[in-house]
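Trainee: For the sequence shown, the UniProt record's numbering gives the first residue as 1, with consecutive numbering after it.
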Amino acid sequence: MFVKMAHEIIDPTKWTYAQVESAALPSNSVAWSVCSQFPTEVHLELREAGKIGDWNKGRIEHDVQWVSKQYWAFRSELKVPEAKLRGMEYAELEFESLDTFATVYLNGTEILQTDNHFTIHTVSVPLESLKPSNELVITFKPPEPIAREVAKKYGPFRGGSCNLGDRSRMGIRKSQYHFRWDWGPELVCVGPDRPIHLHLFASRLKEVNTCARVDEGLKKTLKVEVITEGKDRNIRVELSSLNGTVIKTQDTKVIKNEVTLGGVEWIFGDEVDLWWPVREGNQTRYQVKVELLSEAGEVIDTLTRKIGFRRVELVQRPLDGQEGTSFFFKVNNRPIFAAGSNWIPIDNTLPSGTDERYRKWIELLVKGNQNMIRVWGGGVYEPDIFYDLCDELGVMVWQDFMFACGVYPIFPDFMESVRKEAECNVKRLRHHPSMALFCGNNEDYQMILQWDIDQKGDPLPARKIYEHLLPETVTRLTDPEIPYHRGSPYGGKGWDTADPTIGDVHQWDVWGGKEKYYQDWDILGGRFVSEFGIPSLPDIRTIDFWLDGDETQRYPQSRLMQQHNKAGSHERRLAIYMNENFRYAEDLERYAYLTRLMQSEAIGLSYSLWRRAWQGPRKESCAGVLVWQLNDCWPVTSWAIIDYFYRPKPAYFAISRASSRINVGLRRTVAKNRETDRPRTFYEYGAFQSREVTVELWASNFGSETKVNIEVHAMDLCTGWKGQTKKYAVELGENRSTEVWKGECPAPSEEEAYDRYAPSGSIVLYAVLSSEDGTVLSRTSNWPEPYKLLDIPDPGLQVKVQGDQITLSSEKPCKGVWLDVEGDNDGLEWSDNGFDVFPGDDYRIRVDGLNGRKITVAYLGKEKPTRV
């Protein structure tokens with residue numbers, strides 16, 4: 001976002017809203033109500049005024065459907081003192097976002113109509129039409145009838161079938177998730193949802209393009225291109241550090257061509273530093289200030305923007321000894337394993353997304369050892385604060401264009417709207433050092449595989465968008481060029497979006513698709529897994545929020561629990577995975593805990609196994625893991641690893657542990673006795689128990705070469721037997737995983753075990769990785785599965801609290817320890833949670849914000865929390 005000075009910028013005030021009969025200018029008889037905030041949206045205002053209930057609770061979502069079917073108007077006062085107009089030659093109104101079908105009136109005259117939610121709209125205003133007090137009115141048409149008319153004319157449109165809203169959504173350029181998704185409600189919003197400005201000027205800086213280039217030799221160049229508007233003037237360009245130290249400055253004349261253009265180009269050495277993703281180096285940024293000068297040298301206008309010097313590449317090259325090609329990001333010549341999350345919109349009502357809320361989310365991502373976020377294509381191009389925070393905190397951004405789960409049309413007006421949308425947002429985002437990728441769409445190529453690939457004509461006409469319009473726009477407008485990928489998932493081999501050897505994949509054969517076992521992630525991966533996940537219930541307080549005191553609904557299969565779970569076939573699918581892995585729990589709190597534990601086990605395992613496949617140059621078998629999803633847009637049972645109220649689930653911490661700088665991993669493989677035995681994870685519980693169990697040990701290192709020590713312990717849950725500790729001194733290679741050991745699973749002698757269990761049927765393994773000075777850097781464990789068949793003894797867990805430090809110890813292995821507090825848990829920040837504890841290995845964590853609150857603990861076998 002530009003900071004504009006010198007030329008006058010006036011924002012409208014005194015906003016009111018009203019329900020109206022049409023998009024025409026409202027009559028004087030309309031009853032206006034004062035807006036509670038601005039920017040705003042009609043559902044927000046109606047809820048704040050008590051005219052509708054909170055759709056986040058109960059079944060109120062159904063009660064508010066009438067809102068989006070009406071016409072609405074917003075009115076404001078635009079004060080323009082006469083003194084502000086002196087010397088001005090131009091006036092322009094800028095609307096950062098109007099959602100969606102808006103008609104704008106200034107002093108009773110229509111000046112603008114819009115039909116694209118994703119575009120910044122501007123309109124020139126005659127200076128003589130402005131008064132000291134001006135009335136700005138914006139009316140909004142209901143989107144759904146327009147979408148249906150477009151579908152009737154150009155459709156029918158085809159789209160995803162898993163609770164992804166009315167398919168007519170694809171014919172209009174509006175946030176697609178508003179029409180319902182399999183994690184969100186149907187809340188079709190309308191309103192002026194981003195700021196509005198009036199610009200008054202005689203001359204101004206219209207556009208600044210900062211090209212912060214880094215070549216292959218890491219030489220840094222800054223090119224600043226400036227477009228001015230109005231009288232020809234001179235410009236001054238200044239580069240400074242964020243603490244104000246000026247690095248370079250230069251005055252230059254603008255050149256009058258088709259546009260008034262000027263700029264500078266500078267080459268730098270060590271006086272400027274590189275921007276790095278988090279944990280790879282510093283997130284050094286600089287400020288570029290461009291001033292428009294009069295002939296006398298007075299400053300007429302100023303634009304400032306923060307930039308970073310970085311080189312980003314998407315590397316797709318052949319691999320050694322494997323089919324296909326790599327798919328990894330390289331920043332400043334350094335290959336980066338992307339460990340991150342998918343991002344959906346911050347809220348159903350976008351104006352609810354304050355700067356503070358965005359900061360909280362991105363900080364949670366970074367504190368969870370994640371370095372990439374994918375802005376999913378069914379939401380919005382996020383506001384500037386989102387990308388500013390990613391720059392500041394070192395988060396690489398995978399940016400989808402706003403197309404999701406559908407076969408979109410290409411009629412001329414639609415294509416022209418998309419062209420303007422793409423240009424607007426590429427220009428707005430291109431200077432951010434965090435921008436790692438522009439991606440054409442979400443799962444649109446995959447839609448063809450769900451229909452008829454062999455139908456006559458092109459089954460995906462929007463290829464003209466993804467393969468021509470969008471890449472041409474990115475190439476033309478980004479310098480240095482930001483990588484472009486046609487879609488997610490996309491491999492480039494015909495229509496096959498599921499090929500694990502090329503491009504990226506969405507792995508939904510766990511939970512969805514073929515409903516495979518999550519224990520088999522290692523054979524279900526790909527070069528870059530940009531979507532996958534398993535849902536869980538959120539924190540019990542979040543559930544109680546939507547239950548809103550209705551105790552008759554406080555059980556897992558109740559009507560209100562169904563209302564706040566939008567996933568297709570969710571109850572059946574969740575039942576399958578819960579039944580396969582855990583014992584039944586009818587109590588809501590126990591059930592909720594077990595769903596979260598299952599999600600944590602599945603997601604933590606995936607990051608560990610896929611990270612293992614990052615094995616160095618030309619062996620980048622898997623180079624990225626982005627879980628679906630980081631966040632929720634309302635209180636719901638979903639795939640999110642943090643719920644709507646910022647309450648992390650155990651999976652959040654499991655990812656954090658698996659994505660630490662150095663990580664240790666364990667895997668057991670139980671051999672089949674014959675091909676018709678059960679799936680491999682559960683062989684030992686088949687009709688004929690396997691006698692062969694293999695364990696693999698590895699470690700992964702995202703840093704430089706380093707020496708570590710690893711201890712592997714084994715113990716029997718039933719008897720207390722402990723195996724001999726295995727110790728390994730290992731030199732970990734730079735930025736890769738290292739295989740450490742493979743051998744037979746430790747167990748009591750076969751004679752002791754034969755009549756009781758298979759060789760590993762009750763043997764728990766855990767590993768501790770330490771630096772040479774003894775500092776514990778990583779822990780992991782491997783339990784026999786499924787958990788439902790284990791008779792887990794009382795672990796004798798002890799929890800000691802000393803200020804903000806907590807120490808846990810146990811007499812026997814303890815699975816899934818979840819610490820919490822009684823009452824409200826707002827303001828708490830746990831350094832770790834949802835972990836396992838083993839005898840002889842005290843587990844120490846920190847909790848900020850405890851302030852004397854009483855701690856509770858739950859774990860597998862004692863799933864209801866009890867006070868410590």
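Beta carbons: idealized from backbone N, C-alpha and C, even for Gly.
Quick caveat: nothing in here was measured; it's all calculated off a predicted structure.
Report the residue from V397, D458, F438 whose alpha carbon sits nearest the alpha carbon of T473.
Mentor: In the sequence shown, the residue the question calls residue 473 occupies position 473. For the residues V397, D458, F438, the minimum Cα distance to T473 belongs to F438.
Trainee: Ends of the beta strand (DSSP E) at Q805?
Mentor: Your numbering for residue 805 matches position 805 in the sequence shown. Q805 -> beta strand (DSSP E) spans 805-809.
Trainee: Thinking C-alpha only, which one of C718, E711, W721 is nearest K727?
Mentor: Residue numbering aside, residue 727 sits at position 727 when the sequence shown is read from its first letter. If we check each option's Cα against that of K727, E711 comes out closest.
Trainee: Within 10 Å of its beta-carbon, does E551 have 16 or more other beta-carbons around it, so buried, or fewer, so exposed?
Mentor: Within the sequence shown, numbered from 1, the residue matching residue 551 stands at position 551. Result: exposed.
Trainee: Strictly by DSSP, which residues pair up with A102?
Mentor: Your numbering for residue 102 matches position 102 in the sequence shown. DSSP output for A102 lists F140 as bridge partner(s).
Trainee: R736 and G852 - do their beta-carbons sit closer together than 8 angstroms?
Mentor: By one-based count along the sequence shown, residue 852 stands at place 852. By one-based count along the sequence shown, residue 736 stands at place 736. It is not a contact, given that the beta carbons lie outside the stated cut-off.
Trainee: Where G217 and I267 are concerned, what is the direct C-alpha to C-alpha distance, given to the nearest angstrom?
Mentor: Locating residue 217 in the sequence shown gives position 217, where the first residue counts as 1. Locating residue 267 in the sequence shown gives position 267, where the first residue counts as 1. The straight-line gap from Cα to Cα measures roughly 13 angstroms.
Trainee: Just to confirm my understanding: we take N342, look at its own chain, exclude 5 residues before and 5 after, and list those with CB closer than 8 angstroms. What are they?
Mentor: Translated into positions along the sequence shown, residue 342 becomes position 342. Same-chain partners within the cutoff: I373, R374, W376, S530, E531, L626, V627, W628, Q629, L630.
Trainee: Quick check on S27: does DSSP put it in helix, strand or coil?
Mentor: Against the sequence shown, residue 27 aligns to sequence position 27. Coil at S27, not helix or strand.
Trainee: The alpha helix (DSSP H) with Q562 in it runs from where to where?
Mentor: Position 562 of the sequence shown holds residue 562. Q562 -> alpha helix (DSSP H) spans 559-563.
Trainee: I'd like the list of long-range same chain contacts for residue 889, defined as Cβ closer than 8 angstroms, with 5 residues on each side in sequence excluded.
Mentor: Coverage of the chain is limited to positions 1 through 868, which leaves residue 889 absent and any answer about it impossible.
Trainee: Tell me whether T40 is buried or exposed, calling it buried when 16 or more other Cβ atoms sit within 10 Å of its Cβ.
Mentor: The residue given as residue 40 occupies position 40 in the sequence shown. Buried, by the Cβ-count rule.
Trainee: Taking 8 angstroms as the threshold (C-beta atoms), are P185 and E61 in contact?
Mentor: By one-based count along the sequence shown, residue 61 stands at place 61. By one-based count along the sequence shown, residue 185 stands at place 185. Yes, the Cβ-Cβ distance between E61 and P185 is below 8 angstroms.
Trainee: Give the range of the beta strand (DSSP E) segment to which T694 is assigned.
Mentor: Taking the first residue of the sequence shown as 1, we reach residue 694 at position 694. Counting along the chain, the beta strand (DSSP E) containing T694 begins and ends at 693-701.
Trainee: Count the other CB atoms, across all protein chains shown, that sit within 10 Å of the CB of V576; report buried if there are 16 or more and exposed otherwise.
Mentor: The residue labelled residue 576 in the question sits at position 576 within the sequence shown. First, the residue type needs correcting, since residue 576 is Ile and not Val in the sequence shown. By the 10 Å Cβ count, I576 comes out exposed.
Trainee: Compute the Euclidean distance between the alpha carbons of W639 and V395, then round it to the nearest angstrom.
Mentor: Counted from its first residue, the sequence shown places residue 639 at position 639. Counted from its first residue, the sequence shown places residue 395 at position 395. Near 21 angstroms, if we compare the C-alpha coordinates of V395 and W639.
Trainee: May I have a chain-ordered list of the beta strand (DSSP E) segments no shorter than 3 residues that lie completely inside the stretch 706-735?
Mentor: Whole beta strand (DSSP E) segments, 3+ residues: 706-716, 726-732.
Trainee: Could you tell me if N701 is buried or exposed, where buried requires 16 or more neighbouring beta carbons within 10 angstroms of its beta carbon?
Mentor: Walking along the sequence shown from the start, residue 701 turns up at place 701. It counts as buried.
Trainee: Please list the terminal residues of the continuous beta strand (DSSP E) segment that includes C211.
Mentor: As a first step, residue 211 is located in the sequence shown; it is residue number 211 there, counting from the start. C211 -> beta strand (DSSP E) spans 203-214.
Trainee: Could you check if D643 is buried or exposed, using at least 16 other CB atoms within 10 Å of its CB as the buried criterion?
Mentor: Numbered from its first residue, the sequence shown carries residue 643 at position 643. Under this definition D643 is a buried residue.
Trainee: Between E291, R618, Y607, V695, which has its C-alpha nearest Y652's C-alpha?
Mentor: Position 652 of the sequence shown, counting from 1, holds the residue named residue 652. Considering only alpha carbons, the answer is Y607.
Trainee: Does DSSP classify V510 as helix, strand or coil?
Mentor: As a first step, residue 510 must be located in the sequence shown, where it is residue number 510. Here V510 sits in coil by DSSP.
Trainee: Does the pairing of the stretch 375-391 with the stretch 333-347 give three or more beta-carbon distances under 8 angstroms?
Mentor: Judged by Cβ distances under 8 angstroms, the stretch 375-391 makes contact with the stretch 333-347, as three or more pairs qualify.
Trainee: Rounded to whole angstroms, what's the CA-CA distance from N565 to M578? Just pull it up for me.
Mentor: To locate residue 565, count along the sequence shown from 1; it is residue 565. To locate residue 578, count along the sequence shown from 1; it is residue 578. One C-alpha to the other measures close to 16 angstroms.
Trainee: Tell me whether W521 sits in a helix, a strand or coil according to DSSP, three-state version.
Mentor: Position 521 of the sequence shown, counted from the start, is the residue given in the question as residue 521. In the structure shown, W521 sits in a helix (DSSP, three-state: H, G or I).
Trainee: S97 lies in the beta strand (DSSP E); which residues open and close that run?
Mentor: Counted from its first residue, the sequence shown places residue 97 at position 97. Looking at the DSSP string, S97 is not in any beta strand (DSSP E), and its letter there is neither H nor E.
Trainee: Output the boundary residues of the beta strand (DSSP E) element that contains P748.
Mentor: Along the sequence shown, one-based indexing puts residue 748 at 748. Per DSSP, P748 belongs to no beta strand (DSSP E) and is neither H nor E.
Trainee: With a threshold of 8 angstroms on Cβ separation, who are the neighbours of I603 within its own chain once the five nearest residues in sequence on each side are excluded?
Mentor: The residue labelled residue 603 in the question sits at position 603 within the sequence shown. Excluding residues within five positions, the ones whose Cβ falls inside 8 angstroms are G533, I534, V627, I641, A651, A654, I655.
Trainee: Given that a residue counts as buried once 16 or more other Cβ atoms are within 10 Å of its Cβ, and exposed if not, what is H468?
Mentor: Along the sequence shown, read from residue 1 onward, the residue named residue 468 stands at position 468. Answer is exposed; the Cβ neighbour count stays below 16.
Trainee: Expressed to the nearest angstrom, what Euclidean distance is found between the alpha-carbon atoms of R204 and Y71?
Mentor: In the sequence shown, residue 204 corresponds to position 204, counting from 1. In the sequence shown, residue 71 corresponds to position 71, counting from 1. Rounded to whole angstroms, R204 to Y71 spans 37 angstroms at the Cα level.
Trainee: Have a look at V288, P81, R279 and flag the residue whose alpha-carbon is nearest the alpha-carbon of L198.
Mentor: By one-based count along the sequence shown, residue 198 stands at place 198. The shortest Cα separation from L198 among V288, P81, R279 belongs to P81.
Trainee: Entirely within the stretch 159-199 and at least 4 residues each: give me those alpha helix (DSSP H) ranges in chain order.
Mentor: Correct list: empty.
Trainee: In chain order, what residues of the same chain lie with their CB nearer than 6 angstroms to the CB of residue 870, ignoring the 5 residues before and after it?
Mentor: What is shown of the chain runs 1 to 868, which leaves residue 870 out entirely.
Trainee: Using the Cβ count rule (16 or more neighbours within 10 Å means buried), how would you classify K220?
Mentor: The residue given as residue 220 occupies position 220 in the sequence shown. Classification of K220: buried, given that the 10 Å Cβ count is 16 or more.
Trainee: Can you tell me whether G604 is helix, strand or coil according to DSSP?
Mentor: Against the sequence shown, residue 604 aligns to sequence position 604. Looking at G604 - three-state DSSP - the assignment turns out to be helix.
Trainee: Quick one: what's got a C-beta closer than 6 angstroms to R596's C-beta in the same chain, skipping five residues either side?
Mentor: The sequence position of residue 596 within the sequence shown is 596, counting from 1. Within the same chain, R596 has close Cβ partners S536, K649, P650.
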